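Asker: Quick one: this structure, given as structure tokens, is what I'll be asking you about.
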Amino acid sequence: MEIIKKAQAGSFESSDILILIEPLDKKTGRKIEIDSTVMKEYGDSIKKLINNCLDTYQVQNIHLIAKDKGALDLTISARLETALKRASQQ
Amino acid sequence: MKKKRRTMLYIPGNNPAMLQQGGVYGADSLLLDLEDAVAINQKDAARILVRNILKEIDFYDAEICVRVNHIDTPFGMKDLEEIVPLQPDAIRFPKTETPEELGRLIEIIEHIEDKHGLPHDKMTLHVMIETALGVQNVFDIAKLSKRVDAITIGGQDLTADMNITNNRDGSGIDLARKMIVMAAKANKIDAIDTVFVDINDDEGLRKEAEYSKNIGFTGKAVINPRQIDIIHEVYQPTQEEIRKAYKIIRAFKKNKEAGIGVFSVDGKMVDAPVMARAAYVLELAEIDFDSI
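Chains as they are written, first to last, in the numbering used here: chain A, 1 to 90; chain B, 1 to 292.
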């Protein structure tokens with residue numbers, strides 16, 4: 001999937017996650033910033049999930065900011081998928 | 001066994017907190033809403049979230065229904081393509097006006113089911129009547145397909161379509177309510193009443209639910225979990241109804257053991273519809289059939 005513009009999805013409500021993404025130049029790689037209310041317990045697993053989703057969609061050069069308010073994995077995946085699809089549309 | 005649908009709780013499809021807790025609210029049915037409860041610019045987000053929710057969340061005993069957007073909107077087809085393969089218990093289709101429109105929807109759903117190797121007889125359809133034209137056509141809509149197992153009235157949109165005020169006493173939509181009930185009864189399917197929007201008026205809700213039940217609705221849509229218990233109380237069978245149902249089931253079991261097929265209770269013959277009604281009353285009363 002090719003990310004061509006900035007996009008966001010989700011919210012900062014409880015049990016949700018706000019994901020903001022923008023494309024980076026080729027070969028820049030992934031810059032992922034995560035802020036979570038459960039950072040200590042789940043920070044690593046959230047980062048792993050995000051990277052796995054980006055692998056699935058074959059997205060490499062991206063700046064991603066995630067502000068998490070205790071979202072389940074299914075919500076994180078849903079919001080990331082939504083943001084990526086929005087960012088890939090003309 | 002007939003499904004209990006005393007309450008159908010609307011849950012906004014873009015609200016993860018409410019969606020993931022859906023099973024604990026105690027409603028008989030959950031309506032995961034992709035339509036009116038979701039802003040236009042969040043339709044895509046809600047669709048993907050509800051899809052993931054359907055795949056992973058356990059809603060315990062609640063029936064799961066998804067209200068999709070109308071197929072004439074930019075969102076309806078995409079909703080069906082994502083949701084139909086997951087086969088929730090039912091799809092709720094808004095603003096149905098003609099049997100031809102319903103027929104088109106069913107064709108689309110069956111095409112998606114064929115693509116995924118799914119049967120045509122598992123997921124049912126709930127049809128929403130929300131316009132005067134829909135009310136006029138409700139009898140033909142209700143009888144179109146065996147997949148339709150509930151008709152529901154959308155009171156807010158109906159009053160807007162009729163250009164009338166939505167009065168407390170519901171007088172403006174009373175004829176519509178009764179036509180919808182009659183069409184549902186003629187086809188032996190459920191009739192679900194519209195929501196009561198004032199979530200702080202318990203007495204008003206109870207009064208409206210009692211009226212709905214008296215004219216034949218089998219349940220009511222709700223917009224807040226606080227409304228569930230009141231409606232369940234209204235639909236609770238009376239002691240007399242429970243006693244009668246208990247008697248019928250006990251007699252059925254006794255006669256079955258003795259190899260007797262036809263029997264009577266209190267001088268009245270008990271046939272299959274009477275048995276089904278008795279079993280439904282016991283289910284509403286939460287009495288275990290097997291314990292009798």
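Note that CB positions come from ideal geometry on N, CA and C, so glycine has one too. All figures in this text were calculated on a predicted structure; none of them were measured in a lab.
Answer with buried or exposed for Ser264/B, where buried requires no fewer than 16 other C-beta atoms within 10 angstroms of its C-beta.
Answerer: Ser264/B is exposed by the Cβ-count criterion.
Asker: Taking contact to mean at least 3 C-beta pairs separated by less than 8 angstroms, is the region 212-225 of chain B in contact with the region 238-253 of chain B?
Answerer: They do not touch, by the three-pair rule.
Asker: Please report the straight-line C-alpha distance between Thr194/B and Ile141/B, rounded to a whole angstrom.
Answerer: Thr194/B and Ile141/B: Cα-Cα distance of roughly 18 angstroms.
Asker: By Cβ distance, which residues of its chain are closer than 6 angstroms to Glu97/B, with the 5 residues on each side in sequence left out?
Answerer: Here the set comprises Thr131, Leu133 and Gly134.
Asker: To the nearest angstrom, how far is it from the Cα of Gly13/B to the Cα of Leu18/A?
Answerer: Roughly 16 angstroms separates the two Cα atoms.
Asker: So, with DSSP's three-state summary, where would you put Gly29/A?
Answerer: Three-state result, Gly29/A: coil.
Asker: Using Cβ-Cβ distances below 7 angstroms, what residues of the region 11-36 of chain A are close to chain B?
Answerer: So the close ones are Glu13, Ser14, Ser15 and Asp16.
Asker: To the nearest angstrom, how far is the alpha carbon of Lys254/B from that of Ser291/B?
Answerer: Approximately 13 angstroms between the Cα atoms of the pair.
Asker: Expressed to the nearest angstrom, what Euclidean distance is found between the alpha-carbon atoms of Asp315/B and Glu208/B?
Answerer: Coverage of chain B is limited to positions 1 through 292, which leaves residue 315/B absent and any answer about it impossible.
Asker: Run through the DSSP bridge pairs and tell me what Arg67/B is partnered with.
Answerer: In DSSP, Arg67/B forms a bridge with Asp33/B and Arg92/B.
Asker: In whole angstroms, what is the alpha-carbon distance linking Leu74/A and Ile180/B?
Answerer: Cα to Cα, the separation comes out at about 38 angstroms.
Asker: Rounding to the nearest angstrom, what Cα-Cα distance links Ser15/A and Ala176/B in this structure?
Answerer: Approximately 40 angstroms, taken between the alpha carbons.
Asker: Measure from the alpha carbon of Ile34/A to the alpha carbon of each residue in Lys67/A, Asn52/A, Leu80/A and Ser77/A, then state which is nearest.
Answerer: It is Lys67/A.
Asker: Is it a yes or a no for the region 64-78 of chain B touching the region 38-48 of chain B, going by three-plus beta-carbon pairs under 8 angstroms?
Answerer: Contact between the region 64-78 of chain B and the region 38-48 of chain B is present, because at least three Cβ pairs lie under 8 angstroms.
Asker: Starting from Leu34/B, find everything on chain A with Cβ-Cβ shorter than 9 angstroms and list it in chain order.
Answerer: Near Leu34/B there are no residues of chain A at all, since even the closest Cβ is about 13 angstroms away, more than 9 angstroms.
Asker: Between Glu82/B and the rest of its own chain, which residues show a CB-CB distance below 7 angstroms, the 5 nearest in sequence each way excluded?
Answerer: Closer than 7 angstroms at the Cβ level, and outside the excluded window around Glu82/B, lie Arg47 and Arg51.
Asker: Give me the Cβ distance between Thr7/B and Ala37/B, rounded to the nearest whole Å; I'm assuming they're in contact under 8 angstroms.
Answerer: Their Cβ separation, rounded to whole angstroms, is 17 angstroms, which puts Thr7/B and Ala37/B out of contact at 8 angstroms.
Asker: Are the CB atoms of Thr165/B and Asp149/B nearer to each other than 9 angstroms?
Answerer: Their beta carbons are not under 9 angstroms apart, which means Thr165/B does not touch Asp149/B by this criterion.
Asker: Give the secondary structure of Phe263/B by DSSP, where H, G and I count as helix, E and B as strand, and everything else as coil.
Answerer: Looking at Phe263/B - three-state DSSP - the assignment turns out to be strand.
Asker: From Val138/B, Pro85/B and Arg168/B, pick the residue whose C-alpha is nearest to that of Glu113/B; which is it?
Answerer: Answer by Cα proximity: Pro85/B.
Asker: Can you give, in chain order, each stretch of the alpha helix (DSSP H) that sits fully within the region 130-214 of chain B and has at least 4 residues?
Answerer: Taking only runs of at least 4 residues, the alpha helix (DSSP H) segments lying wholly in the region 130-214 of chain B are 132-136, 138-142, 155-162 and 174-186.
Asker: Look up Ala62/B in the DSSP assignment and say whether it is helix, strand or coil.
Answerer: Note: Ala62/B maps to coil in three-state DSSP.
Asker: Along the chain, where does the alpha helix (DSSP H) that runs through Ala258/B open and close?
Answerer: Per DSSP, Ala258/B belongs to no alpha helix (DSSP H) and is neither H nor E.
Asker: Quick check on Gly117/B: buried or exposed, where buried means 16 or more other Cβ atoms within 10 Å of its Cβ?
Answerer: Gly117/B should be labelled exposed.
Asker: Using a Cβ-Cβ distance under 9 angstroms, would Glu81/A count as near chain B?
Answerer: So yes, Glu81/A belongs to the interface.
Asker: Taking the alpha-carbon of Leu31/B as reference, which of Leu49/B, Met162/B, Asp58/B and Glu63/B has the nearest alpha-carbon?
Answerer: Closest by alpha carbon: Glu63/B.
Asker: May I ask you to list the residues that DSSP assigns as paired with Pro12/B?
Answerer: Answer is Asp33/B, bridged to Pro12/B.
Asker: Can you list the beta strand (DSSP E) stretches of 3 or more residues lying completely in the region 48-78 of chain A, in chain order?
Answerer: DSSP runs (the beta strand (DSSP E)) wholly in the region 48-78 of chain A: 62-68.
Asker: Nearest-angstrom Cα distance between Lys48/A and Ile173/B?
Answerer: Spanning the two alpha carbons is a distance of roughly 54 angstroms.
Asker: Is it right to say Ser11/A is buried, meaning 16 or more other beta carbons lie within 10 angstroms of its own, or is it exposed?
Answerer: Its Cβ being crowded by 16 or more others within 10 Å, Ser11/A is buried.
Asker: Using a Cβ-based criterion (distance less than 8 angstroms to any ligand heavy atom), does Ala150/B qualify as near the ligand NAP?
Answerer: Ligands displayed in this structure: none; no statement on the ligand NAP is therefore possible.
Asker: Please look up how many angstroms separate the CB atoms of Ile32/A and Ile4/A, rounded, as I've assumed it's under 8 angstroms.
Answerer: Rounded, the Cβ-Cβ distance is 19 angstroms, inconsistent with contact.
Asker: Quick one: which chain A residues come within Cβ less than 9 angstroms of Glu56/B?
Answerer: In chain order: Leu72, Asp73 and Leu74.
Asker: Quick one: list the residues of chain B neighbouring Lys6/A, beta-carbon separation under 8 angstroms, in chain order.
Answerer: Neighbours of Lys6/A on chain B: none; closest Cβ ~15 angstroms, over 8 angstroms.
Asker: For Gln60/A and Pro94/B, I'd like the C-alpha separation in whole angstroms.
Answerer: Going from the Cα of Gln60/A to the Cα of Pro94/B covers about 41 angstroms.
Asker: Buried or exposed for Asp33/B, please, with buried defined as at least 16 other CB atoms from any protein chain shown within 10 angstroms of its CB.
Answerer: It is buried - the Cβ of Asp33/B has at least 16 other Cβ atoms within 10 Å.
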